[in-house]
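Under the working numbering, the first residue of the sequence shown is numbered 1408, with each subsequent residue one higher. Note that beta-carbon positions come from the ideal geometry of N, C-alpha and C, so glycine has one too. Since the structure is predicted, the reported quantities are computational estimates derived from the model, not experimental observations. To start, the structure itself, in C-alpha coordinates.
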Amino acid sequence: MQDITISIQGSRPLKGSVAISGAKNAALPELAAVCLSSETIEFHNVPLVEDIKVMHAALAEIGAQGEISGNSIRETMPVLRSPLVSVQTAQTTRASILLLGPMLARHGYAKISFPGGCPIGERKIDFHLQGLEQMGAEIQSESEYIVARCRRLKGIEYIFPGKTVTGTENLLMAATLAEGTTVLGNCALEPEVTDLIRLLQEMGADISGPDGETVVVRGRTRLHGASHRIIPDRIEAGTYLIAGCFAGNEIHLQGVIPEHLGSLLEILKDMGADITVSAEAIYVKGGKSLAPAEVITQPYPGFPTDLQAQLTTLMTQADGVSRIRETIFNDRFRHVGELNRLGAEIKIQNDTAIIKGPARLRGAVLKTTDLRASAALVLGGLIAEGETIIQNSYQLFRGYENMPDKLQKLGAAITISRG
(Lines of atoms letter the chains of each structure in order from A and count residues from 1; the text may use other names and numbers.)
(Lines give C-alpha, C1' and ligand atoms only; values in the text may rest on other atoms or scores of the structure.)
Protein backbone atom coordinates (compact mmCIF):
# COMPACT_ATOMS: atom_id res chain seq x y z
CA MET A 1 0.00 0.00 0.00
CA GLN A 2 1.23 3.51 -0.84
CA ASP A 3 2.93 5.20 2.08
CA ILE A 4 1.49 8.48 3.32
CA THR A 5 3.26 11.00 5.53
CA ILE A 6 1.42 13.68 7.50
CA SER A 7 3.11 16.94 8.49
CA ILE A 8 1.58 19.17 11.17
CA GLN A 9 2.60 22.61 12.41
CA GLY A 10 1.21 22.49 15.92
CA SER A 11 -0.16 24.87 18.54
CA ARG A 12 -2.84 26.39 16.34
CA PRO A 13 -6.39 26.71 17.68
CA LEU A 14 -9.18 24.73 16.03
CA LYS A 15 -12.43 26.61 15.56
CA GLY A 16 -15.48 25.95 13.40
CA SER A 17 -17.87 23.21 12.31
CA VAL A 18 -17.17 19.67 11.17
CA ALA A 19 -19.64 17.30 9.46
CA ILE A 20 -19.41 13.73 10.73
CA SER A 21 -19.26 10.99 8.10
CA GLY A 22 -21.12 7.70 8.03
CA ALA A 23 -19.90 4.91 10.29
CA LYS A 24 -17.23 2.73 8.73
CA ASN A 25 -17.92 -0.05 11.23
CA ALA A 26 -21.60 -0.06 10.24
CA ALA A 27 -20.98 0.16 6.50
CA LEU A 28 -18.60 -2.82 6.37
CA PRO A 29 -21.00 -5.53 7.66
CA GLU A 30 -23.85 -3.92 5.74
CA LEU A 31 -21.89 -4.20 2.50
CA ALA A 32 -21.28 -7.87 3.34
CA ALA A 33 -25.06 -8.30 3.58
CA VAL A 34 -25.19 -7.75 -0.20
CA CYS A 35 -24.35 -11.47 -0.45
CA LEU A 36 -27.73 -12.37 1.09
CA SER A 37 -29.89 -11.16 -1.82
CA SER A 38 -29.95 -11.19 -5.61
CA GLU A 39 -31.60 -7.77 -5.64
CA THR A 40 -30.02 -4.31 -5.54
CA ILE A 41 -29.14 -2.68 -2.23
CA GLU A 42 -28.45 1.05 -2.08
CA PHE A 43 -26.33 2.54 0.68
CA HIS A 44 -26.26 6.23 1.52
CA ASN A 45 -24.00 8.27 3.82
CA VAL A 46 -21.14 5.86 3.07
CA PRO A 47 -17.69 7.02 4.23
CA LEU A 48 -15.31 6.59 1.30
CA VAL A 49 -12.38 5.38 3.38
CA GLU A 50 -9.87 2.74 2.31
CA ASP A 51 -11.55 -0.14 4.18
CA ILE A 52 -14.81 0.56 2.34
CA LYS A 53 -13.04 0.60 -1.02
CA VAL A 54 -11.42 -2.75 -0.19
CA MET A 55 -14.79 -4.29 0.75
CA HIS A 56 -16.31 -2.92 -2.46
CA ALA A 57 -13.47 -4.58 -4.39
CA ALA A 58 -13.96 -7.84 -2.48
CA LEU A 59 -17.62 -7.92 -3.45
CA ALA A 60 -16.64 -7.40 -7.08
CA GLU A 61 -14.18 -10.32 -6.80
CA ILE A 62 -16.94 -12.72 -5.81
CA GLY A 63 -19.57 -11.50 -8.29
CA ALA A 64 -21.21 -8.26 -7.18
CA GLN A 65 -21.99 -5.52 -9.66
CA GLY A 66 -21.36 -2.24 -7.88
CA GLU A 67 -21.26 1.48 -8.47
CA ILE A 68 -19.98 4.31 -6.27
CA SER A 69 -21.50 7.76 -6.70
CA GLY A 70 -20.46 10.39 -4.18
CA ASN A 71 -21.21 8.95 -0.75
CA SER A 72 -23.66 6.37 -2.12
CA ILE A 73 -23.02 2.81 -3.25
CA ARG A 74 -25.29 0.46 -5.24
CA GLU A 75 -24.52 -3.25 -5.09
CA THR A 76 -26.21 -6.22 -6.77
CA MET A 77 -25.10 -9.87 -6.55
CA PRO A 78 -27.22 -11.96 -8.95
CA VAL A 79 -24.96 -15.02 -8.53
CA LEU A 80 -21.78 -15.93 -6.70
CA ARG A 81 -19.19 -15.88 -9.48
CA SER A 82 -16.34 -16.98 -7.21
CA PRO A 83 -16.32 -18.21 -3.59
CA LEU A 84 -12.74 -16.99 -3.09
CA VAL A 85 -11.82 -13.86 -1.12
CA SER A 86 -8.15 -13.40 -1.93
CA VAL A 87 -5.24 -13.12 0.48
CA GLN A 88 -4.49 -9.60 -0.74
CA THR A 89 -8.03 -8.44 0.02
CA ALA A 90 -8.41 -10.24 3.34
CA GLN A 91 -5.05 -9.09 4.68
CA THR A 92 -5.95 -5.46 4.00
CA THR A 93 -9.08 -5.35 6.16
CA ARG A 94 -10.26 -7.60 8.95
CA ALA A 95 -13.85 -6.97 7.84
CA SER A 96 -13.41 -9.57 5.07
CA ILE A 97 -14.39 -12.22 7.64
CA LEU A 98 -17.89 -10.71 7.61
CA LEU A 99 -18.42 -12.24 4.16
CA LEU A 100 -18.25 -15.76 5.62
CA GLY A 101 -21.73 -15.97 7.17
CA PRO A 102 -23.64 -14.36 4.26
CA MET A 103 -21.82 -16.41 1.60
CA LEU A 104 -22.52 -19.65 3.45
CA ALA A 105 -26.16 -18.74 4.08
CA ARG A 106 -27.04 -18.01 0.46
CA HIS A 107 -24.43 -19.88 -1.56
CA GLY A 108 -23.30 -22.76 0.68
CA TYR A 109 -19.58 -22.24 0.15
CA ALA A 110 -16.87 -19.74 1.01
CA LYS A 111 -13.08 -19.62 0.88
CA ILE A 112 -11.66 -16.63 2.72
CA SER A 113 -8.09 -15.86 3.69
CA PHE A 114 -7.51 -15.32 7.40
CA PRO A 115 -8.28 -11.64 8.02
CA GLY A 116 -5.80 -8.81 8.55
CA GLY A 117 -6.48 -5.20 9.59
CA CYS A 118 -4.85 -3.43 12.52
CA PRO A 119 -2.14 -5.27 14.48
CA ILE A 120 -3.63 -4.57 17.92
CA GLY A 121 -3.46 -7.88 19.70
CA GLU A 122 -5.56 -11.02 19.62
CA ARG A 123 -8.80 -10.61 17.71
CA LYS A 124 -9.97 -14.18 17.45
CA ILE A 125 -12.68 -15.48 15.15
CA ASP A 126 -13.37 -18.64 17.17
CA PHE A 127 -16.91 -17.57 18.08
CA HIS A 128 -17.78 -16.96 14.41
CA LEU A 129 -16.63 -20.43 13.45
CA GLN A 130 -18.17 -22.22 16.46
CA GLY A 131 -21.57 -20.70 15.76
CA LEU A 132 -21.49 -21.47 12.04
CA GLU A 133 -20.41 -25.06 12.73
CA GLN A 134 -23.33 -25.50 15.12
CA MET A 135 -25.58 -24.22 12.32
CA GLY A 136 -24.33 -27.07 10.12
CA ALA A 137 -21.29 -25.68 8.33
CA GLU A 138 -18.19 -27.79 7.74
CA ILE A 139 -15.18 -25.55 8.28
CA GLN A 140 -11.55 -26.40 7.57
CA SER A 141 -8.27 -24.54 7.53
CA GLU A 142 -6.36 -24.95 4.29
CA SER A 143 -3.00 -23.17 4.32
CA GLU A 144 -3.91 -19.48 4.79
CA TYR A 145 -7.60 -19.94 4.00
CA ILE A 146 -10.79 -20.70 5.89
CA VAL A 147 -12.86 -23.05 3.73
CA ALA A 148 -16.52 -23.48 4.70
CA ARG A 149 -19.28 -25.60 3.15
CA CYS A 150 -22.87 -26.32 4.04
CA ARG A 151 -26.24 -27.27 2.70
CA ARG A 152 -28.89 -25.00 4.19
CA LEU A 153 -27.86 -23.68 7.59
CA LYS A 154 -30.06 -24.65 10.54
CA GLY A 155 -31.39 -22.42 13.28
CA ILE A 156 -29.72 -22.84 16.68
CA GLU A 157 -29.60 -21.44 20.18
CA TYR A 158 -26.15 -20.00 20.72
CA ILE A 159 -24.75 -17.93 23.57
CA PHE A 160 -21.55 -16.10 22.67
CA PRO A 161 -18.86 -17.05 25.22
CA GLY A 162 -17.65 -13.43 25.13
CA LYS A 163 -18.63 -10.15 23.55
CA THR A 164 -17.85 -9.99 19.84
CA VAL A 165 -19.16 -7.36 17.45
CA THR A 166 -18.15 -9.04 14.18
CA GLY A 167 -19.14 -12.46 15.54
CA THR A 168 -22.61 -11.17 16.38
CA GLU A 169 -22.90 -9.61 12.92
CA ASN A 170 -21.71 -12.74 11.12
CA LEU A 171 -24.17 -15.07 12.83
CA LEU A 172 -27.02 -12.56 12.52
CA MET A 173 -26.56 -12.44 8.76
CA ALA A 174 -26.18 -16.21 8.47
CA ALA A 175 -29.36 -16.78 10.50
CA THR A 176 -31.54 -14.67 8.19
CA LEU A 177 -31.53 -17.44 5.56
CA ALA A 178 -31.21 -20.43 7.90
CA GLU A 179 -33.94 -23.03 8.28
CA GLY A 180 -35.87 -22.44 11.48
CA THR A 181 -35.29 -20.04 14.36
CA THR A 182 -31.95 -18.87 15.70
CA VAL A 183 -31.65 -17.43 19.21
CA LEU A 184 -28.40 -15.56 19.86
CA GLY A 185 -27.48 -14.69 23.45
CA ASN A 186 -24.85 -12.37 24.92
CA CYS A 187 -24.88 -10.38 21.68
CA ALA A 188 -22.84 -7.22 21.21
CA LEU A 189 -25.12 -4.18 21.44
CA GLU A 190 -22.98 -1.59 19.62
CA PRO A 191 -24.94 0.91 17.48
CA GLU A 192 -23.32 -0.61 14.40
CA VAL A 193 -24.92 -3.97 15.24
CA THR A 194 -28.38 -2.46 15.68
CA ASP A 195 -27.94 -0.55 12.41
CA LEU A 196 -27.15 -3.84 10.66
CA ILE A 197 -30.32 -5.33 12.16
CA ARG A 198 -32.25 -2.38 10.76
CA LEU A 199 -30.83 -3.01 7.27
CA LEU A 200 -31.61 -6.74 7.44
CA GLN A 201 -35.18 -5.94 8.48
CA GLU A 202 -35.45 -3.54 5.53
CA MET A 203 -34.37 -6.47 3.33
CA GLY A 204 -37.21 -8.59 4.74
CA ALA A 205 -35.44 -10.47 7.53
CA ASP A 206 -37.58 -11.53 10.51
CA ILE A 207 -35.56 -10.32 13.48
CA SER A 208 -36.78 -9.58 17.00
CA GLY A 209 -34.64 -7.67 19.45
CA PRO A 210 -32.27 -6.95 20.83
CA ASP A 211 -34.19 -7.82 23.99
CA GLY A 212 -31.53 -7.31 26.60
CA GLU A 213 -28.61 -9.08 24.94
CA THR A 214 -30.73 -11.63 23.03
CA VAL A 215 -31.69 -11.48 19.36
CA VAL A 216 -34.16 -13.90 17.73
CA VAL A 217 -33.95 -14.53 13.97
CA ARG A 218 -36.58 -16.53 12.08
CA GLY A 219 -35.04 -17.70 8.84
CA ARG A 220 -36.45 -16.78 5.43
CA THR A 221 -35.93 -18.45 2.08
CA ARG A 222 -34.96 -15.17 0.41
CA LEU A 223 -34.31 -11.50 1.13
CA HIS A 224 -35.02 -8.57 -1.17
CA GLY A 225 -33.31 -5.29 -2.00
CA ALA A 226 -33.37 -2.15 0.13
CA SER A 227 -32.28 1.47 0.40
CA HIS A 228 -30.41 2.22 3.62
CA ARG A 229 -28.79 5.28 5.22
CA ILE A 230 -25.79 4.47 7.40
CA ILE A 231 -25.61 5.95 10.90
CA PRO A 232 -23.00 8.62 11.75
CA ASP A 233 -19.57 7.44 12.85
CA ARG A 234 -19.42 7.70 16.65
CA ILE A 235 -15.66 7.05 16.68
CA GLU A 236 -14.95 9.85 14.22
CA ALA A 237 -17.29 12.08 16.22
CA GLY A 238 -15.52 11.11 19.44
CA THR A 239 -12.15 11.93 17.93
CA TYR A 240 -13.27 15.47 17.03
CA LEU A 241 -14.93 15.84 20.43
CA ILE A 242 -11.61 15.06 22.07
CA ALA A 243 -9.86 17.51 19.75
CA GLY A 244 -12.29 20.20 20.86
CA CYS A 245 -11.34 19.72 24.52
CA PHE A 246 -7.81 21.09 24.16
CA ALA A 247 -7.33 24.65 25.42
CA GLY A 248 -8.28 27.29 22.87
CA ASN A 249 -10.31 24.96 20.66
CA GLU A 250 -13.99 25.36 19.85
CA ILE A 251 -15.69 22.80 17.57
CA HIS A 252 -19.29 22.29 16.51
CA LEU A 253 -19.99 18.70 15.43
CA GLN A 254 -22.86 18.30 12.98
CA GLY A 255 -24.75 15.16 12.00
CA VAL A 256 -24.19 13.08 15.14
CA ILE A 257 -26.30 10.83 17.37
CA PRO A 258 -25.36 12.07 20.87
CA GLU A 259 -26.72 9.01 22.69
CA HIS A 260 -24.11 6.89 20.89
CA LEU A 261 -21.44 8.96 22.66
CA GLY A 262 -22.83 8.89 26.19
CA SER A 263 -19.82 7.38 27.97
CA LEU A 264 -17.34 9.73 26.29
CA LEU A 265 -19.47 12.82 26.90
CA GLU A 266 -19.66 11.98 30.60
CA ILE A 267 -15.87 11.57 30.84
CA LEU A 268 -15.13 14.80 28.97
CA LYS A 269 -17.56 16.81 31.07
CA ASP A 270 -15.99 15.41 34.24
CA MET A 271 -12.58 16.47 32.93
CA GLY A 272 -13.84 20.04 32.56
CA ALA A 273 -14.80 20.44 28.90
CA ASP A 274 -17.62 22.83 28.05
CA ILE A 275 -20.10 20.69 26.08
CA THR A 276 -23.59 21.48 24.79
CA VAL A 277 -25.70 18.71 23.24
CA SER A 278 -28.66 19.17 20.89
CA ALA A 279 -30.68 16.75 18.75
CA GLU A 280 -28.07 16.05 16.03
CA ALA A 281 -25.17 18.28 17.05
CA ILE A 282 -22.61 18.73 19.83
CA TYR A 283 -20.67 21.88 20.69
CA VAL A 284 -17.41 21.52 22.59
CA LYS A 285 -15.06 24.19 23.93
CA GLY A 286 -11.76 23.45 25.58
CA GLY A 287 -11.30 24.65 29.14
CA LYS A 288 -8.27 26.44 30.54
CA SER A 289 -7.44 23.34 32.55
CA LEU A 290 -8.47 19.69 32.49
CA ALA A 291 -8.99 17.38 35.45
CA PRO A 292 -7.42 13.89 35.34
CA ALA A 293 -9.65 10.85 34.85
CA GLU A 294 -9.73 7.10 35.40
CA VAL A 295 -11.27 5.18 32.51
CA ILE A 296 -11.84 1.53 31.58
CA THR A 297 -12.59 0.40 28.03
CA GLN A 298 -15.73 -1.73 27.85
CA PRO A 299 -18.26 -3.04 25.33
CA TYR A 300 -21.02 -0.60 24.42
CA PRO A 301 -22.52 1.32 26.17
CA GLY A 302 -19.21 1.58 28.03
CA PHE A 303 -16.22 3.60 26.87
CA PRO A 304 -15.08 2.26 23.46
CA THR A 305 -11.63 0.80 22.90
CA ASP A 306 -11.55 2.62 19.56
CA LEU A 307 -11.27 5.95 21.44
CA GLN A 308 -8.70 4.82 24.00
CA ALA A 309 -5.66 6.10 22.10
CA GLN A 310 -7.22 9.49 21.37
CA LEU A 311 -8.30 9.97 25.00
CA THR A 312 -4.77 9.07 26.09
CA THR A 313 -3.50 12.07 24.10
CA LEU A 314 -6.00 14.34 25.85
CA MET A 315 -4.95 12.99 29.24
CA THR A 316 -1.39 14.21 28.63
CA GLN A 317 -2.78 17.73 29.12
CA ALA A 318 -4.75 17.06 32.33
CA ASP A 319 -3.56 18.48 35.66
CA GLY A 320 -2.52 15.31 37.45
CA VAL A 321 -2.30 11.57 36.92
CA SER A 322 -4.85 9.80 34.69
CA ARG A 323 -5.26 6.09 34.16
CA ILE A 324 -6.85 4.25 31.28
CA ARG A 325 -7.29 0.49 31.45
CA GLU A 326 -7.63 -1.50 28.22
CA THR A 327 -9.85 -4.58 28.69
CA ILE A 328 -10.84 -5.36 25.09
CA PHE A 329 -7.49 -5.95 23.34
CA ASN A 330 -4.19 -7.08 24.82
CA ASP A 331 -1.83 -5.00 22.67
CA ARG A 332 -3.37 -1.59 22.13
CA PHE A 333 -0.81 0.78 23.59
CA ARG A 334 1.48 1.05 20.58
CA HIS A 335 0.79 4.79 20.39
CA VAL A 336 2.27 5.35 23.86
CA GLY A 337 5.92 5.18 22.83
CA GLU A 338 5.30 7.68 20.04
CA LEU A 339 3.43 10.09 22.33
CA ASN A 340 6.36 9.88 24.73
CA ARG A 341 8.62 10.93 21.85
CA LEU A 342 6.59 14.15 21.75
CA GLY A 343 7.27 14.68 25.46
CA ALA A 344 4.38 12.87 27.11
CA GLU A 345 4.97 11.03 30.39
CA ILE A 346 3.14 7.72 30.02
CA LYS A 347 3.96 4.38 31.61
CA ILE A 348 2.33 1.02 30.97
CA GLN A 349 1.59 -1.34 33.86
CA ASN A 350 -0.02 -4.56 32.64
CA ASP A 351 -3.29 -3.48 30.97
CA THR A 352 -3.20 0.12 32.19
CA ALA A 353 -1.65 3.31 30.84
CA ILE A 354 -0.66 5.81 33.55
CA ILE A 355 -0.47 9.34 32.18
CA LYS A 356 1.16 12.20 34.09
CA GLY A 357 0.12 15.67 32.99
CA PRO A 358 0.21 18.32 31.94
CA ALA A 359 3.07 17.61 29.55
CA ARG A 360 4.66 20.12 27.20
CA LEU A 361 4.68 18.41 23.81
CA ARG A 362 7.23 19.25 21.12
CA GLY A 363 7.18 18.15 17.49
CA ALA A 364 9.01 14.99 16.46
CA VAL A 365 9.16 12.37 13.73
CA LEU A 366 6.70 9.59 14.56
CA LYS A 367 5.58 6.33 13.00
CA THR A 368 2.12 4.91 13.49
CA THR A 369 1.07 1.27 13.62
CA ASP A 370 -2.73 1.19 13.47
CA LEU A 371 -5.82 3.20 12.63
CA ARG A 372 -6.75 4.71 16.01
CA ALA A 373 -3.12 5.22 17.01
CA SER A 374 -2.82 7.35 13.87
CA ALA A 375 -5.62 9.61 15.11
CA ALA A 376 -4.01 9.85 18.55
CA LEU A 377 -0.71 10.97 17.03
CA VAL A 378 -2.47 13.54 14.84
CA LEU A 379 -4.06 14.98 17.98
CA GLY A 380 -0.64 15.04 19.61
CA GLY A 381 0.84 16.85 16.64
CA LEU A 382 -1.92 19.44 16.70
CA ILE A 383 -1.04 20.52 20.25
CA ALA A 384 2.74 20.07 20.07
CA GLU A 385 5.09 22.99 19.56
CA GLY A 386 6.73 23.02 16.14
CA GLU A 387 6.49 20.43 13.38
CA THR A 388 5.35 16.84 13.83
CA ILE A 389 5.85 14.34 11.00
CA ILE A 390 3.82 11.11 11.13
CA GLN A 391 5.03 8.31 8.88
CA ASN A 392 3.08 5.20 7.83
CA SER A 393 -0.09 7.31 7.99
CA TYR A 394 -2.01 5.31 5.38
CA GLN A 395 -3.60 3.64 8.41
CA LEU A 396 -5.49 6.87 9.17
CA PHE A 397 -7.23 6.79 5.81
CA ARG A 398 -8.58 3.30 6.46
CA GLY A 399 -11.12 4.78 8.86
CA TYR A 400 -11.27 8.59 8.72
CA GLU A 401 -12.83 10.30 5.72
CA ASN A 402 -10.98 13.44 4.61
CA MET A 403 -9.50 14.05 8.07
CA PRO A 404 -6.71 16.41 6.92
CA ASP A 405 -9.23 18.48 4.91
CA LYS A 406 -11.63 18.65 7.84
CA LEU A 407 -8.86 19.72 10.19
CA GLN A 408 -7.62 22.36 7.74
CA LYS A 409 -11.10 23.89 7.66
CA LEU A 410 -10.93 24.11 11.46
CA GLY A 411 -7.63 25.98 11.24
CA ALA A 412 -5.00 23.24 11.46
CA ALA A 413 -1.76 23.51 9.49
CA ILE A 414 -1.67 19.93 8.19
CA THR A 415 -0.44 18.53 4.88
CA ILE A 416 -0.01 15.05 3.41
CA SER A 417 2.54 13.61 0.99
CA ARG A 418 2.28 10.30 -0.83
CA GLY A 419 4.96 7.98 -2.09
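Mapping DSSP to helix, strand and coil, what is residue i?
i: H1631; result: coil
i: Q1724; result: coil
i: E1752; result: strand
i: Q1541; result: helix
i: A1700; result: coil
i: V1663; result: coil
i: F1534; result: helix
i: R1825; result: strand
i: S1670; result: helix
i: G1528; result: Any reading at G1528 must be qualified, since the residue scores a pLDDT of 41, below 50, and its modelled position is unreliable; no value is offered.
i: D1812; result: helix
i: T1575; result: helix
i: E1549; result: strand
i: A1819; result: coil
i: T1583; result: coil
i: E1687; result: coil
i: Q1715; result: helix
i: A1595; result: coil
i: D1758; result: coil
Based on Cα-Cα distance, which residue from the options lies nearest to residue i?
i: T1571; options: G1587, E1599, S1550, T1588; result: E1599
i: K1460; options: I1649, R1767, S1445, A1439; result: A1439
i: L1721; options: E1733, L1648, E1437, E1474; result: L1648
i: G1592; options: F1534, R1730, I1642; result: F1534
i: G1616; options: H1463, T1589, S1634, T1573; result: T1589
i: T1363; options: L1466, G1470, E1482; result: Since the first residue shown for the chain is 1408 and the last is 1826, residue 1363 is missing from the structure and cannot be characterised.
i: A1434; options: V1494, R1605, V1743, I1566; result: R1605
i: C1594; options: L1714, S1418, T1575, A1581; result: T1575
i: F1653; options: Q1661, Q1717, P1711, G1626; result: Q1717
i: T1573; options: E1551, P1509, L1660, R1556; result: P1509
i: S1781; options: P1568, R1627, A1686, H1742; result: H1742
i: L1491; options: T1719, I1504, S1479, P1708; result: I1504
i: I1735; options: Y1707, G1744, T1719; result: Y1707
i: A1644; options: R1627, V1663, I1637, S1634; result: V1663
i: Q1416; options: T1795, K1813, G1818, L1817; result: T1795
Should residue i go down as buried or exposed, given a rule of 16 or more other Cβ atoms within 10 Å for buried?
i: Q1815; result: exposed
i: P1454; result: buried
i: R1513; result: buried
i: S1476; result: exposed
i: K1695; result: exposed
i: D1777; result: buried
i: V1486; result: exposed
i: S1489; result: exposed
i: N1656; result: buried
i: T1822; result: exposed
i: N1737; result: exposed
i: N1757; result: exposed
i: A1686; result: exposed
i: S1424; result: exposed
i: S1550; result: exposed
Round the Cβ separation of residue i and residue j to the nearest angstrom and send it over; I've been treating them as touching at under 8 Å.
i: I1689; j: I1682; result: 7 Å
i: N1799; j: K1763; result: Actually they are not in contact, since the Cβ atoms of N1799 and K1763 sit about 27 Å apart, beyond 8 Å.
i: R1769; j: A1783; result: Their Cβ separation, rounded to whole angstroms, is 17 Å, which puts R1769 and A1783 out of contact at 8 Å.
i: I1546; j: L1539; result: 6 Å
i: V1684; j: L1672; result: 7 Å
i: A1582; j: V1624; result: 4 Å
i: R1828; j: E1586; result: Beyond the ends of the chain as shown, which are 1408 and 1826, falls residue 1828; an answer cannot be given.
i: R1379; j: T1759; result: Beyond the ends of the chain as shown, which are 1408 and 1826, falls residue 1379; an answer cannot be given.
i: P1639; j: G1429; result: 7 Å
i: E1468; j: V1441; result: E1468 to V1441, Cβ: 13 Å. No contact.
i: I1637; j: N1452; result: 5 Å
i: A1650; j: L1511; result: Actually they do not touch by this definition, with Cβ atoms about 42 Å apart.
Every unbroken alpha helix (DSSP H) within the segment 1763 to 1805, with a cutoff of 4 residues, ordered by chain: 1778 to 1790
Run through the segment 1603 to 1649 for me and flag every whole beta strand (DSSP E) of 3 or more residues, listed as ranges in chain order. 1613 to 1618, 1621 to 1625, 1633 to 1636
Threshold first: 3 residues or longer. Then list the beta strand (DSSP E) segments lying entirely within the segment 1445 to 1518, N to C. 1448 to 1451, 1472 to 1476, 1479 to 1483
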